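Okay, structure first, notes after.
Structure, rendered in structure tokens:
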């Protein structure tokens with residue numbers, strides 16, 4: 021089973037977002053992790 025997480029990071033009133041290269045969309049940082057995988 022995979023675990024999926026996203027993060028909303030705010031510092032000094034600014035929000036961290038990533039821009040997707042193909043579509044130009046902005047998204048929150050996140051990712052997937054397999055069972056037994058370390059961080």
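In this note's numbering, the protein residues as written are 21 to 59.
The beta-carbon is built from N, C-alpha and C at its ideal position, and this holds for glycine as well.
Given the structure is predicted, the values throughout are model-derived calculations rather than measurements.
Where residue i falls: helix, strand or coil (DSSP)
| i | result |
| --- | --- |
| residue 23 | strand |
| residue 36 | coil |
| residue 51 | strand |
Nearest-angstrom Cβ-Cβ length linking residue i and residue j, presumed shorter than 8 Å
| i | j | result |
| --- | --- | --- |
| residue 28 | residue 52 | No, residue 28 and residue 52 are not in contact; Cβ-Cβ is about 18 Å, not under 8 Å. |
| residue 30 | residue 38 | The Cβ separation is near 15 Å, so there is no contact. |
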